[in-house]
Each structure stands twice: as C-alpha cells, then as structure tokens.
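**Student:** Per the numbering used here, the very first residue in the sequence shown carries number 615; after that it's consecutive. Ideal placement from N, C-alpha and C gives every residue a C-beta, glycine not left out.
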Amino acid sequence: MIIAEVQKAKGIVKPIVIKKLSVIFTSGSPDFLEKLGMILKNQLGLCYKKLYDGNRAFQLRYGRGDSVKIFKFLYKPCSQRLYLKRKFDIFNNYFKLSPQKIDTEISNILK
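(1) So is Gly679 buried or exposed if we call it buried at 16+ other beta carbons inside 10 Å?
(2) So what's Ile716 in DSSP terms, helix, strand or just coil?
(3) If distances are taken between C-alpha atoms only, which option among Gly642, Lys655, Pro691 and Phe646 comes closest to Ala671?
(4) Could you pull the start and end residues of the beta strand (DSSP E) that Tyr676 belongs to?
(5) On a CA-only basis, which of Pro644, Leu660 and Ile716 is nearest Tyr676? Give me that one, please.
(6) By Cβ distance, which residues of its chain are closer than 6 angstroms to Phe705, with the 5 residues on each side in sequence left out?
(7) For Glu619, does the three-state DSSP call read helix, strand or coil?
(8) Going by DSSP, which residues form a beta bridge with Phe687?
(9) For Thr718, count neighbouring Cβ atoms within 10 angstroms of its own Cβ and tell me buried if that reaches 16, exposed if not.
(10) When DSSP labels each residue in this structure, what does Leu658 get in the three-state scheme?
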C-alpha cells in the first residue's frame, strides 16, 4: 500500500491511498539476495525475480500475490513479540483496505 499526498488547489494537500502491496528485500550483496530468492522460490513457490541494481544496493522485489505468501510465512509461526510491528502494520492496513484478500490463515494471523 502506498499513501501519497496530492497537492490540490489553494494549497490543500489530500492523502490518496493506493491499494498496492509489495515486499522488497534490499542488500549490498547480490549473492545474498540471489540465495534468498532461491530459498523463497523453493520453500514458498514464489516466482524468482531478477535483482534490481540501485546506486549502492541491490533489491529483490515481490508483488502482491507473492507478498501475501511471504506475510503468511513470516507471521504465522511467531508471537507478537518476535516481529517488527511497523512491518506487520503495513500488511494489516493493506488487508483492512482489501478485505476480500483475507483467507482463514490470514484472519488467524491478524487476530
């Protein structure tokens, strides 16, 4: 999900919510990201993505469908004390905006 601000007439700024979910892994090591991509492919059946070469770091990016699989993988087995709240909240907000994407497994994680 991306929250953007759009400048309206007379200096009024209005937030616009775009229902888009992605997971991006960033590292200075392309070897690390390639191995991570292969592990995610083998363990979760994700599509292996190409690495994006930035100025000082590389990125491995996943779209909505694969991001939901990553969410289930990361948050299903752990208690609330063992994960990053800010990252979890991003997923939670996405599912609030797109309740049709919530299945039983996701519902149990969000409780």
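**Tutor:** Answer, in terms of the structure:
(1) exposed
(2) coil
(3) Gly642
(4) Phe672 to Tyr676
(5) Leu660
(6) Phe685
(7) For Glu619, the predicted model reports a pLDDT of 46, less than 50, meaning its position is unreliable; a value from the coordinates is still stated below. Glu619 falls in the strand class under three-state DSSP.
(8) BP columns for Phe687 are empty, so no partner.
(9) exposed
(10) helix
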